[in-house]
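Numbering (the working numbering), first residue to last: 9 to 220.
Notes to accompany the following structure.
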Amino acid sequence: MSVLFDPNIAYLLLVLTIFLATLAVLVPGTGLLEIGALAAGVLAGYAALHLSINLWALLALALGLGALIVPVFVRRGQWGWLLLSALGLIGGSVFLFRAPQGGTAVHPALAFSASALLGAYFWFGVRAGLRAWREKPPVHSLDRLIGQIGETRTEVHLEGSVYVEGEMWSARSAQTVPPGRKVRVIGREGFILLVEPVDNAPTGEGSPPRAL
């Protein structure tokens, strides 16, 4: 385990933790990214316990990453934020650990390369994900379906399926409605639509519903 106490290895583990953790947030649900981020974070933390950390450099590193995200919310001065981020990332990386004999513990070439890759990832990947999240259209309420005319695709009573506004929905009716009949949405229970028959005439198999 002594290899973990190499400042360069500890620094790379920290960078890997940041990369995997942010990727797990942007692409949730896989589980593998979360496990990888946790494993890398534990190893980086274990290594840091045996190394001397410059807290100001760790803060500079965090501010450098934050400066890459600010332009998502602040449109002005993007190049200024990018320059501030570069200074924070490179400076924080180079001086993150104290060398016993003085000087820098993390090799400058490694710090510059990793900072450039991490910065590019945040600038193009993380910012794009945050921007997409901010600009995501609001989810429309299912209440908009109330009053719409649809078509039963199966027999509907205590359960069944109806076709409304171009989508299939689970449905329930107070009376049995055969397949291929027009129904009106009169309410909903969660994602289950409550419907009633409009008339007894079939709309035709596979025909799309008519809006009111």
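C-beta atoms are modelled at their ideal positions from N, C-alpha and C, and glycine is treated no differently.
Quick caveat, the model's predicted, so the values are computed rather than measured.
Close beta carbons around residue i, own chain, < 7 Å, minus the five adjacent residues each side
| i | result |
| --- | --- |
| GLY127 | LEU76, SER93, ALA94, LEU97 |
| ALA45 | THR25, LEU28, ALA29, ALA32 |
| ALA117 | none |
| VAL23 | ALA122, LEU126 |
| ASP207 | LYS190 |
| GLU42 | ALA32 |
Within 8 Å, strictly: CB atoms of residue i and residue j
| i | j | result |
| --- | --- | --- |
| TYR171 | GLU159 | yes |
| LEU90 | ASN62 | no |
| GLY99 | ALA68 | yes |
| ALA48 | LEU12 | no |
| ARG196 | MET176 | no |
| SER178 | PHE199 | yes |
| LEU201 | GLY137 | no |
Buried or exposed (CB count within 10 angstroms, at least 16 for buried), residue i
| i | result |
| --- | --- |
| THR30 | buried |
| TRP64 | exposed |
| TRP87 | exposed |
| LEU153 | buried |
| SER181 | buried |
| ALA107 | exposed |
Beta-ladder partner(s) of residue i, from DSSP
| i | result |
| --- | --- |
| ARG180 | LEU202 |
| THR25 | Paired residues: none, contrary to the question. |
| VAL172 | GLU175 |
| PHE105 | ILE61 |
| THR160 | VAL170 |
| GLU197 | ILE200 |
| THR112 | ARG106 |
C-alpha gap between residue i and residue j, whole angstroms
| i | j | result |
| --- | --- | --- |
| ALA119 | LEU21 | 12 Å |
| LEU40 | ILE194 | 44 Å |
| GLY133 | GLY188 | 48 Å |
| GLY74 | PHE130 | 9 Å |
| SER60 | SER101 | 14 Å |
| LEU150 | GLY174 | 14 Å |
| LEU166 | VAL203 | 11 Å |
| GLY155 | PRO205 | 12 Å |
| ASN16 | HIS115 | 7 Å |
Residues of its chain near residue i, where Cβ-Cβ distance is below 6 Å and the 5 sequence neighbours each way are ignored
| i | result |
| --- | --- |
| LEU71 | GLY96 |
Cβ of residue i within 8 Å of any chain D Cβ
| i | result |
| --- | --- |
| GLY74 | The structure shown contains no chain D; it holds only a single protein chain. |
Close Cβ partners of residue i (< 8 Å) along its chain, the five nearest in sequence each way excluded
| i | result |
| --- | --- |
| LEU51 | LEU12, LEU21 |
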